[in-house]
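Written out below as structure tokens is the structure these notes cover.
6 protein chains.
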Amino acid sequence: MTQPSNKRSVLSAVVNELAQANGVLARRPNTRPMPSRDTIVEIVEALRSVLFPGYFGDSELEADSVRYHLGNVLDEVRRKLREQIKRGLCFDCMTPGPTCDQCDARAEEITEFFLTRLPDVRRLLATDVQAAYEGDPAAKSPNETIYCYPGILAITNYRLAHELYALEAPLIPRIMTEAAHSITGIDIHPGATIGESFFIDHGTGVVIGETARLGKRVRLYQGVTLGAKSFPLDEHGNPIKGIDRHPKVEDDVIIYSGATILGPVTIGHGSIVGGNVWLTQSLPPDSRITQAQSVREDFNQGAGI
Amino acid sequence: MTQPSNKRSVLSAVVNELAQANGVLARRPNTRPMPSRDTIVEIVEALRSVLFPGYFGDSELEADSVRYHLGNVLDEVRRKLREQIKRGLCFDCMTPGPTCDQCDARAEEITEFFLTRLPDVRRLLATDVQAAYEGDPAAKSPNETIYCYPGILAITNYRLAHELYALEAPLIPRIMTEAAHSITGIDIHPGATIGESFFIDHGTGVVIGETARLGKRVRLYQGVTLGAKSFPLDEHGNPIKGIDRHPKVEDDVIIYSGATILGPVTIGHGSIVGGNVWLTQSLPPDSRITQAQSVREDFNQGAGI
Amino acid sequence: MTQPSNKRSVLSAVVNELAQANGVLARRPNTRPMPSRDTIVEIVEALRSVLFPGYFGDSELEADSVRYHLGNVLDEVRRKLREQIKRGLCFDCMTPGPTCDQCDARAEEITEFFLTRLPDVRRLLATDVQAAYEGDPAAKSPNETIYCYPGILAITNYRLAHELYALEAPLIPRIMTEAAHSITGIDIHPGATIGESFFIDHGTGVVIGETARLGKRVRLYQGVTLGAKSFPLDEHGNPIKGIDRHPKVEDDVIIYSGATILGPVTIGHGSIVGGNVWLTQSLPPDSRITQAQSVREDFNQGAGI
Amino acid sequence: MTQPSNKRSVLSAVVNELAQANGVLARRPNTRPMPSRDTIVEIVEALRSVLFPGYFGDSELEADSVRYHLGNVLDEVRRKLREQIKRGLCFDCMTPGPTCDQCDARAEEITEFFLTRLPDVRRLLATDVQAAYEGDPAAKSPNETIYCYPGILAITNYRLAHELYALEAPLIPRIMTEAAHSITGIDIHPGATIGESFFIDHGTGVVIGETARLGKRVRLYQGVTLGAKSFPLDEHGNPIKGIDRHPKVEDDVIIYSGATILGPVTIGHGSIVGGNVWLTQSLPPDSRITQAQSVREDFNQGAGI
Amino acid sequence: MTQPSNKRSVLSAVVNELAQANGVLARRPNTRPMPSRDTIVEIVEALRSVLFPGYFGDSELEADSVRYHLGNVLDEVRRKLREQIKRGLCFDCMTPGPTCDQCDARAEEITEFFLTRLPDVRRLLATDVQAAYEGDPAAKSPNETIYCYPGILAITNYRLAHELYALEAPLIPRIMTEAAHSITGIDIHPGATIGESFFIDHGTGVVIGETARLGKRVRLYQGVTLGAKSFPLDEHGNPIKGIDRHPKVEDDVIIYSGATILGPVTIGHGSIVGGNVWLTQSLPPDSRITQAQSVREDFNQGAGI
Amino acid sequence: MTQPSNKRSVLSAVVNELAQANGVLARRPNTRPMPSRDTIVEIVEALRSVLFPGYFGDSELEADSVRYHLGNVLDEVRRKLREQIKRGLCFDCMTPGPTCDQCDARAEEITEFFLTRLPDVRRLLATDVQAAYEGDPAAKSPNETIYCYPGILAITNYRLAHELYALEAPLIPRIMTEAAHSITGIDIHPGATIGESFFIDHGTGVVIGETARLGKRVRLYQGVTLGAKSFPLDEHGNPIKGIDRHPKVEDDVIIYSGATILGPVTIGHGSIVGGNVWLTQSLPPDSRITQAQSVREDFNQGAGI
């Protein structure tokens, strides 16, 4: 058994080694605080209660107080979001000291503009909800999809994050979509562009990349990847950032579960892509494509294939 | 920088726009409260502690108090579940006013009947636990699968939700299976029918549709879809609800990871479906089917394929 | 409506049935407590704050207190982990009574040794972070991947759990990787061996089995399975435990989303495996393999394929 | 040592005895829920943030959102208070069943009227705050007394409770003043009548009875009792309720610490009552009264008097 | 301004000084844990819900589950109390090591015996509740005193603590009565002996010493002290413990607010002691005693006496 | 019953009235945040765990980690206290804008100096603990008084607050002593000066004023007031601040429960003041003083005096 004296040296030794560590994993002490994932989740939940009144948050509001409630929630969102955006801006900002006036001012501008975008986000989400109801025979009413469907949750987070991405708020949009990714398994990069009446059914494993562009009335099932196939490296071997590398999906396309579409290809409008297809080329409009015929074969003995 | 006077009008303007919004996203104020996801999760956790005594909940019970503990937990479940079922019933119920006697009475009936089903649910889950132990060489004991395997968690939620689905409780069963979906990535519709000794290994991305029917001793791996291929629309373009549209999987079938099986096809007993297969046709008993041979090819240059 | 007298008998009857249940689902009352999932998650989060100082936990530390903070966190980890490991050891231990000196001593040994491994774990994770930055054009800096990428979270949990697995702590490593599985959809068995500079992008649906061995600079995308194909049964029909049954992936291999590789095959160094491939055979070094050509076909009418 | 079998009978025996208990301590099961102390404390804290804006609750409000915040807080107070008042009314109400329409309607009326009284309560409290500042040389500003003085806290709870008492809401006013009693040691019955510019310094041990009437600019120190001396009994030996039995204190009276004044006597305006006085008779205006001269004496030996 | 280098030495210097401190304030590290005040408060609240069913704890129990609820609460009390009593016993116990079998066994005995005392405690409390109702004209019903009167709360804590004191459980009884002291300002030593039908009105400042003995139907008002006058010292100057040093109060005595009675005197049955009296001698039965006549005098000028 | 339209106007009307309120009760919106009572309580609790190691906070520390724990706690105290002191300074500071560099710098200075005072505070408290043990025959050990005696809690808060008062930190010291006042009923102004070996027994109702000065080995019982008798007003009728107006109590004085001593008088060393005495004059050393003889009299009939 370890002796007490050894125990002491174990703890001290590990502390010493870790305290001396440098390099990629260490942030400088005394720097400004990181954005708070918990607060960002609170912001998104508050906005969800504003976008879907009566479904989330306080569902017992009375007629004469709805306006007070909205104003109060948005004021709280405003303050919290401003602080989080500032932290995101400061994450890489080089200004020394505990505060940075430029980040403060920019955070306030972004926040104010973001608020003005909420009514449009709400209009888009109304089309998504209708698409969910029309796209799933198991849905009894549009109401039910608002309250129970992971796809609606993920699209809501994405649509909010996309507005912040367009305003060049760093980190915060990604944290918003990662929060939805963790809950739903749906990973939509906030930089992607997605038209109205979008529906993702079940959704676990869906990936939509940063430069993907989706038209109207697109429907995806679980496990669909709209990803990058390859990307050029710079002279240091690092990937060159910001290059268009993801698929364009035109209006009225359906992609079945597990299909993988990679690269800046175009899936023409009205196409249907079958499940588990691996696709790295463009498709003309109204295409139908499925996996090659499966084959029957003899398996090995034992308890598996 | 934004002026204070502008800030005031931003907030007011957004509040006004959102307060006037109508249509699909708005519930009427003053309606009865929504079911509570948090409470439903509490109910399921309480039931898990009853179904797997000593593993979940209070693991330090003494011999002379087990019965008190069971009775107390079930009484609390009874009250909470009755309230949640009532809210589910009221979600679409048209009776005006703050209460609805009919929903109250129906919620009580469903809850009482549901309680009587718990011993049978427990018997089924015992076969599932044994199947997990026998189906995974990495499992050291059945105990371990109860405590650590996401498949057991998802099947438990499903089996509880399925009983409420059969009793026609709206919304609540779906919220129960979505809770498991969020934790495990396994999405089993509460309407599906699944026989004893069912095992899902790893599980992320599994989807089992509303009208799927699975026999005994079925084993699925992660990413398996038992989904709908297409569904007829009514004259308004909405999907016709309630039609049989998902696979039937007979006894002793194994389906490997990523396989997609769509439509009301039948996978005959004893069959093995290989990974990543796309299947929209029935298979006779004892079939073995795998993806068509993969091909070697030259990839593009760069950091990817 | 159910009568009160019936209600009483319903509750009593269910309690009686459940209290009498025996067999696989029941732990004996009075046994020692189960490991606590919540505490294990706290331990991992505390270690994350130690491994990535400034990113997680208390991000406002000052220069003169870093060492105190590290020492304090590690001391708390030490006590909590020792208790949890003891519970894990006691889970199957047959010693009667409320305590077991042997488990106590063994838990202390494992914990002390584990602490000495943290600096090495930290060095490995630094290579993983750099690999994430280099492997994703969407990443603006290595910092961002530490804070936002689910792959980094899952690999961190795995690398910690793997150390405990190597020290033969039961249950706890599995609970650690399952915690990451639930958040990220990435399921890495703590027994797997994974070299430096490992990157998983997006990650939902990734499965890496107990006896898998991965070299350096391996990159995986979402939905990749490195699983078992079949496994031999013993004379009782139970799977024989501990047999090598998962793939070996050599250095510098990339595997695209949704690929399923089963069995103890070897993927030679420098190979690239395309998305959605089903592979049960070894590949020589520098292979390129993709799914067979997809086919266009006529779909059924209606709202789907 | 107690045997397990004995242990079992101990628990069962105690449960049986307690379950059979009847009489004064038992409420009938199935009755409507009790008022919630925690909720009533939340209501008072919410009102405190409305009455002293910027001191309590959310102190970072911005100019354009104060109105939204007020409206939202008052709406929440309205709903919670209505429910608590209903529970208070139902506490003794004999109507059977889970709800009582009469209590519902009365609770709504009381709540609405109570809200209209808040501006007047606020005006009174402003005079109390000024009196605290003027009455204590240790107070640096009126602000400080709002935030730190237990007397202000107790008077605020009293003034709110008094309004509900006047509206004949049962139980709730008493719970409000008891909450202040517990925090400050100041016990003001909600039925007492107290004029403007009231100040209690330190306050621990102050008691002001149900039928006490205090004028303007009264100042009390800790330990002052304004209580009942005796009260008549009815034919069953129970005290006759509602009889005037407490002191009347006219304007501009100061009562020093520990004075006990009992019975329906009158302390004339401008009087000063010295500390530790026992007084059961009226005083004319502008009286000065102190305890009889203390005496020096020889004490017993030892460590005390 | 302090320099960073100074800041570092400040923290280090203070840590060094405090770490070296010895003597009365330091417990040895590695000793067994202290009793937990929070847990003891939970135990008392659980017992309150058992002693006053329907008033505290879960007030919505149904008729068929009361027994389950009681059994479950008492089982939880049993486990928590056993642990806390063990910690109390270990607080001064000299046995080295992390556990002490003797303390374990004694804690179990005390706990079991304590449980058997609960029905008697309940019977006594029923008389106290009736006394409160009869002793206060402001009380509308006995129910109200159970729920709102600090005297009932303090007496309940005392009666429970007194049972543990009689069983010689160290520390825990005192923590129980101190919890009530903090809430109500009533400080009853758990060693005091108090007969049935005991009522304390308002209560702030009441002190009842360890060796006080009170008969039946005693009524006290706020600020009454039943304390020690002096106590002999041993040869080291420490007070000799355990000597009878507090008043005996016979049946049917009333003591008004602020009276101080010190020493092992006897207040004869039926006596009434007026407010603010200082009494260090015995009184024969049926005495009436009040403070000497107060005197009017001229006060100093200014804002006070 | 109130109509919905009326309800709307009630809420709006009250909001309008309250929003327009001005004057003493309103803080300007947009000002810097108030000190946080909860955080100040956390700071005091953290310091208590540092001053009484092993009794409060984490009681399971191991020998090799005490120093890490101390350093970590003090670092957290340092950051939190700096922020709270800054808020206190800003409470009245007139500098516009969201931050104030001068308050920042001053808060840092005060905090650093305060930390260096902790070892001395600890030495003083050790004498207080010993005095408690020696002053109460009911105390079994000094340990017990640390953990259970409200007097020790109140003195600890006072001694910490007094250091901050001496450093001229506004508001925070008062909030610290008010926190103890609320828990114990003991109200010690942070400005008072109190020598070593100070003991307050029971304590409810004790008041010690801002300019009181107490020597060594003073012992007080519950309900003792060391207050101001009168205070001069300035030309506006406001009390003149900062004048010496409270008693001086020399070494080795005992004051029994309920005694009221007012004004800048001196109680000579070695004196004993009996309970319930009203004293506004100085006493020479070694005095003994008690209340004038109480009188027996005939009471009124009924249930009281």
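So the protein sequences, as listed, match chains A, B, C, D, E and F. So the first sequence is numbered by my numbering: it starts at 9 and just counts up by one. So the second sequence is numbered by my numbering: it starts at 9 and just counts up by one. So the third sequence is numbered by my numbering: it starts at 9 and just counts up by one. So the fourth sequence is numbered by my numbering: it starts at 9 and just counts up by one. So the fifth sequence is numbered by my numbering: it starts at 9 and just counts up by one. So the sixth sequence is numbered by my numbering: it starts at 9 and just counts up by one. All residues carry an ideal CB built from backbone N, CA and C; glycine is no exception. Every value quoted in this text rests on a predicted model; they were computed, and no experiment measured them.
Of all the options 76(D), 50(D), 41(D) and 20(D), which has the alpha carbon lying nearest to the alpha carbon of residue 22(F)? On the sixth sequence, position 14 is the one that residue 22(F) refers to. Ranking the options by Cα distance to residue 22(F), first place goes to 76(D).
Taking residue 144(F) as the reference, give the member of 288(E), 94(E), 217(E) and 141(E) with the closest Cα. Counting from one through the sixth sequence, the residue named residue 144(F) turns up at place 136. Checked all of 288(E), 94(E), 217(E) and 141(E); the closest Cα to residue 144(F) is 217(E).
Beta-carbon contacts of residue 155(B) that lie in its chain and below 7 Å, excluding the five residues immediately before and after: In the second sequence, counting from the first residue as 1, residue 155(B) sits at position 147. Taken in chain order, the residues that qualify are 63.
Under 7 Å between C-beta atoms, does residue 312(A) make it to chain D? Reading the first sequence from its first residue, position 304 is the one you call residue 312(A). Confidence at residue 312(A) is low in this model, with a pLDDT of 43, below 50, so the placement of that residue is unreliable and no value is reported for it.
For residue 61(D), three-class secondary structure by DSSP: Here the question's residue 61(D) lines up with position 53 in the fourth sequence. Strand, per DSSP.
Between residue 125(A) and the rest of its own chain, which residues show a CB-CB distance below 8 Å, the 5 nearest in sequence each way excluded? Reading the first sequence from its first residue, position 117 is the one you call residue 125(A). Cβ within range, chain order: 171.
Leaving out five residues on either side along the sequence, give the residues of the same chain with a beta carbon under 7 Å from the beta carbon of residue 292(E). Position 284 of the fifth sequence, counting from 1, holds the residue named residue 292(E). Around residue 292(E): 276.
Could you check the C-alpha separation between residue 283(E) and residue 263(E) for me, to the nearest Å? Taking the fifth sequence and counting its residues from 1, one reaches residue 283(E) at position 275. Taking the fifth sequence and counting its residues from 1, one reaches residue 263(E) at position 255. Each residue's Cα considered, the two are about 7 Å apart.
In three-state DSSP terms, what is residue 207(E)? The sequence position of residue 207(E) within the fifth sequence is 199, counting from 1. Residue 207(E) falls in the strand class under three-state DSSP.
Identify which residue in 240(C), 72(C) and 211(C) has its Cα closest to the Cα of residue 18(E). Sequence index remark: in the fifth sequence, residue 18(E) carries index 10 (1-based). The option with the nearest alpha carbon to residue 18(E) is 72(C).
Between residue 163(D) and residue 153(D), how many whole angstroms is the CB-CB distance? I'm expecting something under 8 Å. Against the fourth sequence, residue 163(D) aligns to sequence position 155. Against the fourth sequence, residue 153(D) aligns to sequence position 145. Rounded, the Cβ-Cβ distance is 11 Å, inconsistent with contact.
In chain order, what residues of the same chain lie with their CB nearer than 8 Å to the CB of residue 311(E), ignoring the 5 residues before and after it? As a position in the fifth sequence, residue 311(E) is number 303, starting the count at 1. The pLDDT assigned to residue 311(E) is 42, lower than 50, so where the model puts this residue is not dependable, and the model offers no usable value.
With DSSP collapsed to three states, give me the class of residue 157(F). Position 149 of the sixth sequence, counted from the start, is the residue given in the question as residue 157(F). Coil at residue 157(F), not helix or strand.
Under a CB-based cut-off of 7 Å, is residue 156(F) close to chain E? Within the sixth sequence, the letter at position 148 stands for residue 156(F). A Cβ of chain E is located within less than 7 Å of the beta carbon of residue 156(F).
Could you tell me whether the Cβ of residue 71(A) comes closer than 7 Å to any Cβ of chain C? Walking along the first sequence from the start, residue 71(A) turns up at place 63. Taking Cβ atoms only, chain C never reaches closer than 7 Å to residue 71(A), which makes this a no.
Please name the residues in the segment 142-154 of chain D whose beta-carbon is closer than 9 Å to at least one beta-carbon of chain F, in chain order. Correct list: 142, 143, 144, 145, 146, 147, 148, 149, 150, 151, 152 and 154.
Verify whether the separation of the beta carbon atoms of residue 267(F) and residue 232(F) is less than 7 Å. Position 259 of the sixth sequence holds residue 267(F). Position 224 of the sixth sequence holds residue 232(F). In contact: residue 267(F) and residue 232(F) (Cβ atoms closer than 7 Å).
Could you check if residue 92(B) is buried or exposed, using at least 16 other CB atoms within 10 Å of its CB as the buried criterion? As a first step, residue 92(B) is located in the second sequence; it is residue number 84 there, counting from the start. So residue 92(B) ends up on the buried side.
Closer than 7 Å, CB to CB, is residue 161(E) near chain C or not? In the fifth sequence, counting from the first residue as 1, residue 161(E) sits at position 153. No, because no Cβ of chain C sits closer than 7 Å to the Cβ of residue 161(E).
In the DSSP output, which residue or residues are listed as bridge partners for residue 229(F)? Position 221 of the sixth sequence, counted from the first residue, corresponds to residue 229(F). The beta-bridge partner set that DSSP reports for residue 229(F) consists of 209(F).
Buried or exposed (CB count within 10 angstroms, at least 16 for buried), residue 24(E): Here residue 24(E) refers to the residue found at position 16 of the fifth sequence. That one is exposed.
Integer Cβ distance of residue 257(F) from residue 234(F), believed to fall under 8 Å: Translated into the one-based positions of the sixth sequence, residue 257(F) becomes position 249. Translated into the one-based positions of the sixth sequence, residue 234(F) becomes position 226. About 7 Å; that satisfies the 8 Å criterion.
Give the secondary structure of residue 163(F) by DSSP, where H, G and I count as helix, E and B as strand, and everything else as coil. Residue mapping note: residue 163(F) aligns to position 155 of the sixth sequence, counting from 1. The DSSP-derived three-state label of residue 163(F) is helix.
Amino acids of chain B, ordered along the chain, whose beta-carbon sits closer than 7 Å to that of residue 79(E): As a first step, residue 79(E) must be located in the fifth sequence, where it is residue number 71. For residue 79(E), the chain B residues whose Cβ falls inside 7 Å of its Cβ are 73 and 76, in order along the chain.
State the DSSP-derived secondary structure class of residue 112(F), mapped to helix, strand or coil. On the sixth sequence, residue 112(F) is found 104 positions in, with the first residue counted as 1. DSSP places residue 112(F) in helix when its eight states are reduced to three.
Residue 216(F) by DSSP, collapsed to three states: which one? The count along the sixth sequence starts at 1 and reaches residue 216(F) at position 208. Under the three-state reduction of DSSP, residue 216(F) is assigned to strand.
Hey, residue 78(B) and residue 27(C): beta-carbon distance below 7 Å or not? Mapped onto the second sequence, residue 78(B) falls at position 70. Mapped onto the third sequence, residue 27(C) falls at position 19. Between residue 78(B) and residue 27(C), the C-beta spacing is below 7 Å.
Within the same chain, show all residues whose beta-carbon is closer than 7 Å to that of residue 107(A), passing over the 5 residues directly before and after it, in chain order. Here residue 107(A) is taken as the residue at index 99 of the first sequence, counted from 1. Nothing listed; no residue qualifies.
Distance check for residue 272(A) and residue 6(A), CA to CA, integer angstroms please. Since the first residue shown for chain A is 9 and the last is 313, residue 6(A) is missing from the structure and cannot be characterised.
Quick one: grab the DSSP three-state call for residue 294(B). Residue 294(B) sits at position 286 when you count from the first residue of the second sequence. Note: residue 294(B) maps to coil in three-state DSSP.
Which residue's Cα is closest to the Cα of residue 131(B): 203(B), 65(B) and 215(B)? Stepping through the second sequence from its first residue, residue 131(B) is reached at position 123. The option with the nearest alpha carbon to residue 131(B) is 203(B).
Listing by chain order, which chain A residues have their CB less than 8 Å from the CB of residue 107(F)? Indexing the sixth sequence from 1 puts residue 107(F) at position 99. Per Cβ cutoff of 8 Å: 107.
Determine the direct distance from the alpha carbon of residue 285(E) to that of residue 300(D), and round the result to whole angstroms. In the fourth sequence, residue 300(D) corresponds to position 292, counting from 1. In the fifth sequence, residue 285(E) corresponds to position 277, counting from 1. Rounded to the nearest angstrom, the two C-alpha atoms are 12 Å apart.
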